[in-house]
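Structure first, commentary second.
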Amino acid sequence: MNEKQPLFTWENARAILLWAVLPLVAGLLIAAALLPQPQIGIIRLSTQIDPVSASDLLKQLDYVRQHPEIRGVVLVLDSPGGTVADTEAVYMEMLKVRQQTPIVASINLMAASGAYYLSVGSDYIFCKPTSDVGNIGVIGYTPPAPSLVDGIVSTGPYKLFGFERDQYVRQIEAVKQGFASAVKLGRGAALKAEMSEVLSGKLWPGMEAVRLGLADALGTESDAIEKAAQLAGVRNPKVVEIYPLAIYDAPVSSPFYGVSPDGVTLTTPAKAGLYLLYIPPATLAAEK
Amino acid sequence: MTLKNRLWIALGLFLLPILFQAAHYTGLPQPRPTPQMPEYASFRAPEAPTPSAELVPAEVNHSGARILLDLNHQNTYQIADVELFTRALAARGATVEYYFITDLDTRPLAERLKYADAFVLFSPYMIFEASEVTALRDFVAQGGRLLVFADAYRGVQGYSGEFPDTVSANLLLAPYGLSFTGNYVYNLAENDGNFRNVKLNDFAENALTSGLKQVVFYGARSVNITGGEALIRGDANLRSSLNDQGGGLAVAGVDASGNVAAIGSYTFMTPPFDQAADNARLIQNLAEFALSGQRLPALANFPFVFTRPVSLVTAGNAKLTAETLTAVAGLQTTCAESTCR
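The listed protein sequences correspond, in order, to chains L and Z. Numbering follows my numbering, with no gaps: position 82 of the first sequence is 82. Remember, my numbering sits 288 above the position in the second sequence when you count from 1.
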């Protein structure tokens, strides 16, 4: 005669714990360790590109490189561009980051000049239908012709002025070649416009930029996040803002733009030099 | 349950969260091109084009010639900007004078033109008075040379954009079939270091273009020619800033008589731009052009005799014959048609 065994016995419970719960918990722990939720990092540029904003961007890109859980980056742009060397520094760092992590650019109001330079350093470019895109080229302020200045002693004709005036103008062309090359390499076969058109310096509305192949698609920031995840081969990522994670220092204010004698901030830079910068023509004429 | 079954269940439960997490977070990565860096070290600033035309030594063969440069119409140039041109005139023996009415010198343009061989105009903004326009037309009709220069760098910026230096000049040039466009020309393909520094290789046969193989204009306006000849043209890539269209745009021309020249730039005269290509030779040619007019003197050109009431005095035994009276009548007619009183 068989005696019916009770459903719960300590022996059964021990067996379930040993053969079911324990492996499941171990699996969960190992899954969490081996396969953490991927992250898509957001890096924003909402000002001109100058030493301060470039330094912030470089710190954020460095943070991405140091944190493999960040599987993709969305660079949100709303900028008229800025100084040449700072733009190039960020662009070159972007290319390094891209070797391991895809970067998708999402243009809001404007990615002009240097900001567009950064865009072509990404894997994919989204913009809005009326975003201002392009303004590819360089502007510079010609230095004064070398002359002797009473009361200042220098050791060479260009020690005081830095550049030969004519050569300085020509140098702009070499900087432009770098920008043009970045556009060609970055856009590749997607670029449909002639280079002469691209280098005309025009700003195009986003929809036209897509038609010309200067951007890939019209889309929002969430589209850019999806695209970054897709390029990285991840799903259901966690979206994180990189700035608060990477920047610990208080922002340093920098007088990038000039100030008129009556205290109004101008739209032209305070210092002479070469710029990958868009300056609204109406304001330029008014400030001249 | 056998031990083997228990092991399978344990393994399955162990792998389940890992597989679930993998499926939840992992997709198919898309292939991405390897990012490529521009070869920055290979980019070079373009070199300035070197001269190819021979510079002809100036001969002092225009002694006594006078060239009048306008400074009376809010011209946006400095005397130093065109010093190489005025130096070329002086080297040929000419005297350079400036037309600028002051309290000390109130002589009108007609008076100043009496002794001039050429009138040279750089970027005027003030409109010429009717008497000045008439004086210049008479001057040109008598073989005087008129050189009119505009320049894309000499526009005046206003709140609503640029006021080009073309309006006043075009009013003078209109009777001669020449006019400036208030644009600048550019060339993205063939230029001297910058799109607005345009290289020009297409020259018409003319003394003004003698010996030129290439000139470079720095900030030039295009010249429209309806009644003369285009002297310097750009190639198909030379475009106008107003509409980005191009194809044979001219930047210099002369009228049908060959006495009026319109040149769309003069920054090329200013160092160091005079050293590019054959610009120095063009400055020489312009000086020669200014001095090579065949001015037909009229009575009004004589300085003192016919600017005041004239009394006819006979000397000796002159007889009032029909021939004498005819000659005197001719003098009176000429005097009445000119500006003498």
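The beta carbon of each residue, even a glycine, is placed where N, CA and C say it ideally should be. Everything numeric in this text was worked out from a predicted model, so none of it was measured.
For this session: Could you tell me the distance, in whole angstroms, from the CA atom of Z/S340 to the CA atom of Z/R569?
Result: In the second sequence, residue 340 of chain Z corresponds to position 52, counting from 1. In the second sequence, residue 569 of chain Z corresponds to position 281, counting from 1. Looking at the two C-alpha atoms, the distance is approximately 9 Å.
Problem set entry | Three-state secondary structure assigned by DSSP to L/Y63 | Looking up residue 63 of chain L in the first sequence gives position 63. Note: L/Y63 maps to helix in three-state DSSP.
Exercise. Counting only beta-carbon atoms, is L/Q48 nearer than 9 Å to chain Z?
Worked result: If you number the first sequence from 1, residue 48 of chain L lands on position 48. Not an interface residue.
Exercise. Going by C-alpha distance, which of Z/Q309, Z/P323, Z/W296 is nearest L/R187?
Worked result: In the first sequence, counting from the first residue as 1, residue 187 of chain L sits at position 187. For the residues Z/Q309, Z/P323, Z/W296, the minimum Cα distance to L/R187 belongs to Z/P323.
Exercise. Could you give the distance in angstroms between the alpha-carbon of L/S119 and the alpha-carbon of L/A26?
Worked result: Position 119 of the first sequence, counted from the start, is the residue given in the question as residue 119 of chain L. Position 26 of the first sequence, counted from the start, is the residue given in the question as residue 26 of chain L. If you take the alpha carbons of L/S119 and L/A26, they lie about 44 Å apart.
For this session: Give the residues of chain L in contact with Z/G481, contact being defined as C-beta atoms less than 7 Å apart.
Result: Within the second sequence, the letter at position 193 stands for residue 481 of chain Z. Those within 7 Å of Z/G481 in chain L are V169, R170, E173.
Exercise. Contact between the segment 578 to 587 of chain Z and the segment 506 to 515 of chain Z: three or more CB pairs below 8 Å?
Worked result: Fewer than three Cβ pairs drawn from the segment 578 to 587 of chain Z and the segment 506 to 515 of chain Z lie within less than 8 Å of each other, which leaves the two stretches out of contact.
Exercise. Which stretch, first to last residue, makes up the beta strand (DSSP E) that contains L/M110?
Worked result: As a first step, residue 110 of chain L is located in the first sequence; it is residue number 110 there, counting from the start. Annotation for L/M110: the continuous beta strand (DSSP E) segment containing it runs 103 to 112.
For this session: Grab the span of the alpha helix (DSSP H) containing L/G206 for me, first residue to last.
Result: In the first sequence, counting from the first residue as 1, residue 206 of chain L sits at position 206. If you look at L/G206, you'll find it in the alpha helix (DSSP H) that goes 206 to 212.
Exercise. In angstroms, rounded to a whole number, what distance separates the CA positions of Z/S529 and L/V183?
Worked result: Numbered from its first residue, the second sequence carries residue 529 of chain Z at position 241. Numbered from its first residue, the first sequence carries residue 183 of chain L at position 183. Rounded to the nearest angstrom, the two C-alpha atoms are 24 Å apart.
Problem set entry | Proximal residues to Z/G536 (C-beta, below 6 Å), its chain only, five neighbours per side dropped | Residue 536 of chain Z sits at position 248 when you count from the first residue of the second sequence. Only R521 meet the Cβ criterion.
For this session: Return the CA-CA distance between Z/T609 and Z/L619, expressed in angstroms with no decimal places.
Result: In the second sequence, residue 609 of chain Z corresponds to position 321, counting from 1. In the second sequence, residue 619 of chain Z corresponds to position 331, counting from 1. Rounded to the nearest angstrom, the two C-alpha atoms are 16 Å apart.
Exercise. Contact check, Z/V548 vs Z/L401 under 8 Å by CB: the rounded distance?
Worked result: Residue mapping note: residue 548 of chain Z aligns to position 260 of the second sequence, counting from 1. Residue mapping note: residue 401 of chain Z aligns to position 113 of the second sequence, counting from 1. With 8 Å as the limit, Z/V548 and Z/L401 do not qualify as a contact, their Cβ atoms being about 14 Å apart.
Exercise. With respect to the alpha helix (DSSP H) encompassing L/Q48, which residues constitute its N-terminal and C-terminal limits?
Worked result: Here residue 48 of chain L refers to the residue found at position 48 when the first sequence is read from its first residue. The continuous stretches of alpha helix (DSSP H) do not include L/Q48, and DSSP gives it neither H nor E.
Problem set entry | Short CB-CB distance (under 9 Å) between L/D62 and chain Z | In the first sequence, residue 62 of chain L corresponds to position 62, counting from 1. At a cut-off of 9 Å between beta-carbon atoms, L/D62 makes no contact with chain Z.
Problem set entry | Alpha-carbon spacing of Z/F388 relative to Z/D358, whole angstroms | Taking the first residue of the second sequence as position 1, residue 388 of chain Z is located at position 100. Taking the first residue of the second sequence as position 1, residue 358 of chain Z is located at position 70. Each residue's alpha carbon lies about 7 Å from the other.
For this session: Assign Z/F561 to one of three DSSP states: helix, strand, or coil.
Result: Along the second sequence, read from residue 1 onward, the residue named residue 561 of chain Z stands at position 273. It is helical.
For this session: Output yes or no for whether 9 Å exceeds the beta carbon distance between L/D132 and L/A105.
Result: Position 132 of the first sequence, counting from 1, holds the residue named residue 132 of chain L. Position 105 of the first sequence, counting from 1, holds the residue named residue 105 of chain L. Cβ distance not < 9 Å, so L/D132 and L/A105 don't count as in contact.
Problem set entry | Boundaries (first-last residue) of the alpha helix (DSSP H) holding Z/E342 | As a first step, residue 342 of chain Z must be located in the second sequence, where it is residue number 54. Secondary structure note for Z/E342: it is in no alpha helix (DSSP H), with a DSSP letter that is neither H nor E.
Problem set entry | Under 9 Å by beta carbon: chain L residues contacting Z/Y472 | The residue you call residue 472 of chain Z lines up with position 184 of the second sequence. Correct list: empty, because the minimum Cβ distance to chain L is about 14 Å.
Exercise. Is Z/F556 close to chain L, meaning its C-beta is less than 9 Å from at least one C-beta of that chain?
Worked result: Counting from 1 along the second sequence, the entry for residue 556 of chain Z is found at position 268. Cβ-Cβ to chain L under 9 Å: no for Z/F556.
Exercise. Do Z/A406 and Z/G432 have their C-beta atoms within less than 9 Å of each other?
Worked result: If you number the second sequence from 1, residue 406 of chain Z lands on position 118. If you number the second sequence from 1, residue 432 of chain Z lands on position 144. Yes, Cβ-Cβ distance for Z/A406 and Z/G432 is below 9 Å.
Problem set entry | Per-residue contacts from Z/T314 into chain L (C-beta, under 9 Å) | Here residue 314 of chain Z refers to the residue found at position 26 when the second sequence is read from its first residue. Chain L residues near Z/T314: L35, P38, G233, V234, R235.
Exercise. Can you name the residues of chain L whose CB is closer than 7 Å to the CB of Z/R332?
Worked result: One-based indexing of the second sequence puts residue 332 of chain Z at position 44. Chain L residues near Z/R332: A174.
Exercise. So which residues on chain Z does L/W204 lean against when the C-beta distance must stay under 7 Å?
Worked result: Your numbering for residue 204 of chain L matches position 204 in the first sequence. Counting only Cβ-Cβ distances below 7 Å, L/W204 has no contacts in chain Z at all, with the closest Cβ about 14 Å away.
Exercise. From the beta carbon of Z/L303, is the nearest beta carbon of chain L less than 9 Å away?
Worked result: Within the second sequence, residue 303 of chain Z is the residue found at index 15, counting from 1. Closer than 9 Å: yes.
For this session: On a CA-only basis, which of L/I125, L/F161, L/E69, L/E241 is nearest L/A32? Give me that one, please.
Result: Counted from its first residue, the first sequence places residue 32 of chain L at position 32. Ranking the options by Cα distance to L/A32, first place goes to L/E69.
Exercise. Can you name, in chain order, every residue of its own chain whose Cβ lies under 6 Å from the Cβ of Z/D490, other than the five neighbours on each side?
Worked result: Residue mapping note: residue 490 of chain Z aligns to position 202 of the second sequence, counting from 1. Taking Z/D490 as the centre and dropping the five residues before and after it, the same chain places the C-beta of R521 closer than 6 Å to its C-beta, in chain order.
Exercise. Would you call the CB atoms of Z/T390 and Z/G352 closer than 9 Å?
Worked result: By one-based count along the second sequence, residue 390 of chain Z stands at place 102. By one-based count along the second sequence, residue 352 of chain Z stands at place 64. No, the pair does not count as a contact, with Cβ atoms beyond the cut-off.
Exercise. At what residues does the beta strand (DSSP E) containing Z/R395 begin and finish?
Worked result: Numbered from 1 along the second sequence, position 107 holds the residue referred to as residue 395 of chain Z. Z/R395 -> no beta strand (DSSP E), and no H or E assigned at all.
Exercise. In whole angstroms, what separates the C-alpha of Z/F331 from that of L/E88?
Worked result: Against the second sequence, residue 331 of chain Z aligns to sequence position 43. Against the first sequence, residue 88 of chain L aligns to sequence position 88. Z/F331 and L/E88 have their C-alpha atoms roughly 14 Å apart.
Problem set entry | Per DSSP, the bridge partner or partners of Z/D490 | Position 202 of the second sequence, counted from the start, is the residue given in the question as residue 490 of chain Z. Within the DSSP secondary-structure output, Z/D490 pairs in a beta bridge with Z/R521.
For this session: Report the neighbours of Z/Y328 on chain L: residues whose CB is nearer than 7 Å to its CB, in chain order.
Result: By one-based count along the second sequence, residue 328 of chain Z stands at place 40. Those are G178, listed as they occur along chain L.
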